[in-house]
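Encoded as structure tokens, the structure appears first; notes follow it.
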Amino acid sequence: MTGKTMRGLRAAALTGTLLLSVAQGFTPAFAADPIKLGVLEDQSGDFAAATIGKVHAIQLAAEEINKAGGIDGRPLELVIYDTQSDNTRYQEFMRRVLQRDKVDAVFAGFSSASREAYRPIVNQFDGFAFYNNQYEGGVCDANMVVTGAVPEQQFSTLIPWMMEKYGKKVYTLAADYNFGQISAEWVRNIVKEHGGEMVGEDFIPLGVSQFSQNIQNIQKAKPDFVVTLLVGTAQASYYEQAAAASVNLPMASSVNVGQGYEHKRFKPPSLKDMYVTTNYIEEVDTPESKAFVAKFKAKFPNEPYVNQEAENSYLAVYLYKQMVERAKSTKREDIRKVIAQGDVCMDAPEGKVCIDPKSQHMSHTIYLAKVEADHSITFPKVWADIKPYWLGEAGCDLTKSDPSAQYTPSNPPPKP
Numbered sequence: 001m002t003g004k005t006m007r008g009l010r011a012a013a014l015t016g017t018l019l020l021s022v023a024q025g026f027t028p029a030f031a032a033d034p035i036k037l038g039v040l041e042d043q044s045g046d047f048a049a050a051t052i053g054k055v056h057a058i059q060l061a062a063e064e065i066n067k068a069g070g071i072d073g074r075p076l077e078l079v080i081y082d083t084q085s086d087n088t089r090y091q092e093f094m095r096r097v098l099q100r101d102k103v104d105a106v107f108a109g110f111s112s113a114s115r116e117a118y119r120p121i122v123n124q125f126d127g128f129a130f131y132n133n134q135y136e137g138g139v140c141d142a143n144m145v146v147t148g149a150v151p152e153q154q155f156s157t158l159i160p161w162m163m164e165k166y167g168k169k170v171y172t173l174a175a176d177y178n179f180g181q182i183s184a185e186w187v188r189n190i191v192k193e194h195g196g197e198m199v200g201e202d203f204i205p206l207g208v209s210q211f212s213q214n215i216q217n218i219q220k221a222k223p224d225f226v227v228t229l230l231v232g233t234a235q236a237s238y239y240e241q242a243a244a245a246s247v248n249l250p251m252a253s254s255v256n257v258g259q260g261y262e263h264k265r266f267k268p269p270s271l272k273d274m275y276v277t278t279n280y281i282e283e284v285d286t287p288e289s290k291a292f293v294a295k296f297k298a299k300f301p302n303e304p305y306v307n308q309e310a311e312n313s314y315l316a317v318y319l320y321k322q323m324v325e326r327a328k329s330t331k332r333e334d335i336r337k338v339i340a341q342g343d344v345c346m347d348a349p350e351g352k353v354c355i356d357p358k359s360q361h362m363s364h365t366i367y368l369a370k371v372e373a374d375h376s377i378t379f380p381k382v383w384a385d386i387k388p389y390w391l392g393e394a395g396c397d398l399t400k401s402d403p404s405a406q407y408t409p410s411n412p413p414p415k416p
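What follows is the structure, encoded as structure tokens:
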């Protein structure tokens with residue numbers, strides 16, 4: 001796809017809807033009606049740096065599938081809207097794709113606030129949505145499939161490892177909305193369970209880019225490491241400011257680097273000794289990962305980074321294809337019968353992944369990525385096949401009931 005074509009696609013997405021029969025020009029002739037996928041992602045605004053790759057990944061997967069004959073002989077057609085990092089746009093466009101565009105499934109959302117803004121609308125119109133993002137966990141909703149990693153996969157591995165290596169005094173710096181607040185609760189609980197001490201917590205409103213007071217708070221508290229759960233372009237300013245103030249503390253995160261590739265965007269050594277648990281980043285050094293990055297950048301040569309959300313979005317299209325072909329239907333109730341069998345799996349760039357039938361979340365390989373002083377990446381530890389176990393163990397079982405709710409460690413599902 002040429003740069004001129006990409007600019008045209010971006011302009012169309014920004015101004016409204018984009019119906020994209022991917023691989024146009026060399027797609028096999030299809031007699032059957034298309035399967036429509038709505039794509040609601042932030043291609044502009046504060047989150048765009050981390051999310052444009054999600055759209056590209058969906059386009060790549062759809063093109064590959066169409067070139068190979070589609071889904072049971074039906075082409076994939078993408079209906080793309082730019083949600084502009086604005087929750088009201090998610091609500092507006094979710095209604096549009098479900099009511100007017102009549103899509104069969106929707107791939108939607110970066111922030112947890114955006115997901116919670118559109119999720120009631122998906123439930124209202126009995127839609128079927130994929131949330132392909134790392135998040136704070138807890139959504140038990142039969143209308144949702146979540147392919148991103150969750151706290152029991154990221155924090156339950158990361159925090160004990162950091163406490164053993166660096167010490168038990170922990171400070172959390174988190175975005176002040178549901179993602180940051182619930183993630184901080186997970187960190188707090190795990191630190192306590194492992195005999196540690198929370199020496200401070202700061203919650204930062206989205207869009208804030210000045211951290212002088214927070215840096216002073218951290219220096220006064222003298223933690224052994226800082227958990228950074230910062231979201232968006234503005235909040236990423238913390239890293240250079242902390243480096244300039246010589247904070248010089250190890251950092252731990254479930255969200256940074258793997259999403260916003262801050263180690264590429266900021267000059268070394270701003271992110272030195274940042275440790276991140278992620279299910280994928282482009283530095284993963286396996287043949288499968290290298291092949292994925294190569295074909296991604298062959299199609300999108302100006303892509304700055306292939307992050308975990310891009311991989312999640314790419315494999316989600318293939319998982320949806322498998323579900324529809326096995327169900328021989330695009331109806332949600334038929335697809336959920338396939339999910340309930342417990343064997344919806346695929347070999348992804350990160351490794352094998354499977355959908356858990358109780359929670360409709362996904363298992364992952366979890367990579368502990370360390371940012372070195374020159375901002376290169378090493379992997380001190382890899383955990384294979386970590387299940388999204390918390391919701392199921394806590395009482396969520398979508399094969400039996402659908403509460404359409406989000407739970408937290410302090411507000412778990414009611415026991416049957």
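The sequence shown begins at 1 in the UniProt record's numbering and counts up by one.
Ideal placement from N, C-alpha and C gives every residue a C-beta, glycine not left out.
Closest by C-alpha distance to residue i, when choosing among the options
| i | options | result |
| --- | --- | --- |
| Leu158 | Tyr81, Lys400, Leu229 and Ala373 | Leu229 |
| Thr378 | Ala384, Ala369, Asp385 and Ile386 | Ala369 |
| Gly232 | Ser111, Ile71, His361 and Ala61 | Ser111 |
| Asp42 | Ala310, Arg265, His364 and Thr172 | Ala310 |
| Ser376 | Met163, Asp101, Lys267 and Phe292 | Lys267 |
| Val117 | Cys140, Asn87 and Asp72 | Note that residue 117 is Ala in the sequence shown, not Val. The option with the nearest alpha carbon to Ala117 is Asn87. |
| Ile386 | Thr278, Glu372, Arg326 and Thr286 | Thr278 |
| residue 429 | Lys381, Val284 and Ala327 | The chain is shown from 1 up to 416; residue 429 falls before or after that span and cannot be answered. |
| Arg326 | Ile71, Phe130, Thr147 and Tyr305 | Ile71 |
| Pro151 | Lys295, Glu350 and Val276 | Val276 |
| Ser404 | Val97, Ala57 and Ala129 | Ala129 |
| Ala373 | Ile366, Ser254 and His263 | His263 |
| His56 | Phe107, Arg265 and Ala149 | Phe107 |
| Arg265 | Val293, Lys290 and Glu303 | Glu303 |
| Ser329 | Ser44, Val39, Arg74 and Gly342 | Arg74 |
| Thr147 | Met346, Tyr367, Gly342 and Asn312 | Asn312 |
| Val191 | Asn217, Pro160, Gln124 and Pro120 | Pro160 |
Anticipated Cβ contact below 8 angstroms, residue i with residue j, distance rounded
| i | j | result |
| --- | --- | --- |
| Phe211 | Ser183 | With a Cβ gap of about 18 angstroms, Phe211 and Ser183 do not count as contacting. |
| Ala61 | Val317 | 4 angstroms |
| Pro34 | Glu77 | 4 angstroms |
| Asn133 | Pro409 | Incorrect: roughly 20 angstroms between the Cβ atoms, too far for contact. |
| Ile335 | Val324 | 7 angstroms |
| Ala105 | Tyr320 | 6 angstroms |
| Val139 | Met94 | At roughly 16 angstroms, the Cβ-Cβ gap does not stay under 8 angstroms, so Val139 and Met94 are not in contact. |
| Phe225 | Tyr314 | Not confirmed; about 32 angstroms, so no contact. |
| Ser209 | Gln235 | 7 angstroms |
| Val227 | Ala252 | 5 angstroms |
Same chain only: Cβ atoms within 7 angstroms of residue i, ignoring 5 sequence neighbours per side
| i | result |
| --- | --- |
| Pro412 | Ala394 and Gly395 |
| Thr399 | Ala340, Pro357 and Lys358 |
| Pro414 | Gly395 |
| Val22 | Summary for Val22: the model assigns pLDDT 48, below 50, so the residue's position carries little reliability, and this model does not support an answer. |
| Gly195 | Lys168 |
Proximity test, Cβ basis, 8 angstroms: residue i and chain C
| i | result |
| --- | --- |
| Ser410 | Annotation note: the requested chain C is absent from the structure, which comprises a single protein chain. |
Residue range of the unbroken alpha helix (DSSP H) whose run includes residue i
| i | result |
| --- | --- |
| Asp334 | Arg332 to Ile339 |
| Tyr166 | Pro151 to Tyr166 |
| Leu391 | Tyr389 to Ala394 |
| Met323 | Gln308 to Ala327 |
| Tyr118 | Ser112 to Gln124 |
| Tyr90 | Asn87 to Arg95 |
| Ala57 | Ala48 to Lys67 |
Cβ neighbours of residue i in the same chain (closer than 6 angstroms, five flanking residues each side left out)
| i | result |
| --- | --- |
| Asp273 | Pro250 |
| Asp402 | Ala142 |
| Val199 | Lys169, Tyr171, Ala221 and Pro223 |
| Ala243 | Ser270 |
| Gln24 | Because Gln24 sits at a pLDDT of 40, beneath the cut-off of 50, its placement in the model cannot be relied upon, and the following sentence gives the value as read from the coordinates. Answer for Gln24: no residue qualifies. |
| Phe26 | Here Phe26 scores only 44 on pLDDT, less than 50, and its place in the model should not be relied on; the value that follows carries that caveat. Nothing listed; no residue qualifies. |
| Arg115 | Gly109 and Tyr131 |
| Asp397 | Lys358 |
| Gln406 | Gly138 and Val139 |
| Arg89 | Thr83 |
| Ala384 | Thr365 |
| Glu164 | none |
Beta-bridge pairing of residue i - partner residues as DSSP gives them
| i | result |
| --- | --- |
| Thr378 | Lys370 |
| Thr228 | Leu173 |
| Thr277 | Leu368 |
| Met346 | Val353 |
| Leu76 | Ile35 |
| Trp383 | Ile366 |
| Ile71 | Arg74 |
Neighbourhood of residue i by C-beta, 8 angstroms cutoff - its chain only, sequence neighbours within 5 removed
| i | result |
| --- | --- |
| Asn307 | Ala50, Gly53, Gly258, Gln259, Gly260, Tyr261, Tyr280, Ile281 and Glu282 |
| Asp176 | Phe203, Ile204, Pro205 and Leu206 |
| Thr5 | Reliability fails at Thr5, whose pLDDT of 38 lies under 50, so the model's placement of it is uncertain and the value that follows must be treated cautiously. Hits under 8 angstroms: none found. |
Endpoints, the beta strand (DSSP E) within which residue i is located
| i | result |
| --- | --- |
| Glu240 | Glu240 -> not in any beta strand (DSSP E); alpha helix (DSSP H) instead, spanning Tyr238 to Ala244. |
| Met198 | Glu197 to Ile204 |
| Val146 | Met144 to Val146 |
| Val106 | Ala105 to Ala108 |
| Phe211 | Segment: none, Phe211 is in no beta strand (DSSP E) and carries neither H nor E. |
| Ser289 | Here Ser289 belongs to no beta strand (DSSP E); instead the alpha helix (DSSP H) covers Pro287 to Lys299. |
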